[in-house]
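One point on numbering: in our numbering, the residue at position 157 of the sequence shown is 601, and numbering is uninterrupted.
C-beta atoms are modelled at their ideal positions from N, C-alpha and C, and glycine is treated no differently.
Since the model is a prediction, treat every value here as computed from it, not as a measurement.
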Amino acid sequence: MKNIFIHIPKTGGSSFIGLLKDTFGYSQTSTPPTHLINTIEDTTIYHVDFKSTERTFKKPEIFNVDTRERFSSAKIFMLVRNPVERLISEFNFQFHLLNGKNGHPAAGIIQRLPEIPKDFEQYANFPHVHNYQTKFLSGRSLADPTPLNQEEFDQIIDTIEELSITCGITDEYNKFLTAFQNTTGIRLKTKLTVRKQTPQALKLSLPDATLEKIRDNNLFDYKLYEYIKSKQSKLKADNFKHLEPSKFTI
Numbered sequence: 445m446k447n448i449f450i451h452i453p454k455t456g457g458s459s460f461i462g463l464l465k466d467t468f469g470y471s472q473t474s475t476p477p478t479h480l481i482n483t484i485e486d487t488t489i490y491h492v493d494f495k496s497t498e499r500t501f502k503k504p505e506i507f508n509v510d511t512r513e514r515f516s517s518a519k520i521f522m523l524v525r526n527p528v529e530r531l532i533s534e535f536n537f538q539f540h541l542l543n544g545k546n547g548h549p550a551a552g553i554i555q556r557l558p559e560i561p562k563d564f565e566q567y568a569n570f571p572h573v574h575n576y577q578t579k580f581l582s583g584r585s586l587a588d589p590t591p592l593n594q595e596e597f598d599q600i601i602d603t604i605e606e607l608s609i610t611c612g613i614t615d616e617y618n619k620f621l622t623a624f625q626n627t628t629g630i631r632l633k634t635k636l637t638v639r640k641q642t643p644q645a646l647k648l649s650l651p652d653a654t655l656e657k658i659r660d661n662n663l664f665d666y667k668l669y670e671y672i673k674s675k676q677s678k679l680k681a682d683n684f685k686h687l688e689p690s691k692f693t694i
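Below is the structure:
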């Protein structure tokens, strides 16, 4: 494998995968959708394992100190997101778009909660949704309520350094795209279709007390986000145009 993209859900990964498909002329309709396609030319994509009942990350071996060396020859990329923004996006997707509010089984996270939440604040309080990004990379099951520990987090950071993983954050998306181009030599198309974007009508404005509570409950995800943000602070960004479709696009 030459390049690897780690697709953490609700971080903007589908938009990046869609851009890769567009860059290489892949049909958006006759090839697997962005959350299922496994290979685009020289780039292997590791998503959630939808064939697993636990809905785990397909390649947690990347972040395991005993197995990560086998990935040392690959150029690895991943996006992470501000935990508040990601959690809001996840809630809207699960609760509204997948109809988890009415118990639809497609809403895999809500199906695993002790009860269907009545609103975002109740959803955000469940330990099952805390630190999703770092739990995902560690190979935890979907909606695992057991807290992440410091050793697991340290192993993620150590692996990023050891394997020189190129990381980006969703709110500085163009920097990530530029870093991907510079590292791989792949010239991406400059127009990016924003996929799986939360509809404007569902976007939330939260009080400071709620924001503070989310930060406290998602401390490891915040540490990961801030660590990556600081690493890419000096990177330059090419000019990519983000196209926002009029309807929800996968």
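For I450: DSSP bridge partner residues: Y490, M522
Boundaries of the alpha helix (DSSP H) in which I672 is found, first to last residue: 663 to 675 is the span of the alpha helix (DSSP H), which, as asked, contains I672.
Residue range of the alpha helix (DSSP H) that includes K579: Run containing K579: 576 to 581, per the alpha helix (DSSP H) assignment.
Span of the beta strand (DSSP E), counted from its first residue to its last, around I553: Counting along the chain, I553 falls outside any beta strand (DSSP E), though it belongs to the alpha helix (DSSP H) covering 552 to 555.
Reference N575, options E565, K545, P589, closest by Cα: When E565, K545, P589 are compared, the shortest CA-CA separation from N575 is found for P589.
Local conformation of I601 per DSSP, three classes: helix
DSSP state of I694 mapped onto helix, strand, coil: With a pLDDT of 46 at I694, under the threshold of 50, the modelled position of that residue is not reliable, and the figure given next carries that caveat. The answer is coil: DSSP assigns I694 none of H, G, I, E or B.
Proximal residues to S533 (C-beta, below 6 Å), its chain only, five neighbours per side dropped: Cβ neighbours of S533 beyond the five flanking positions: K454, T642.
Outcome for Q566 when other beta-carbon atoms lying within 10 angstroms are tallied against a minimum of 16: exposed
DSSP three-state assignment for F537, whether helix, strand or coil: helix
Cutoff 6 Å; reference D466; Cβ partners in own chain excluding five residues on either side: K633
Segment limits, alpha helix (DSSP H) that includes K619: 617 to 628
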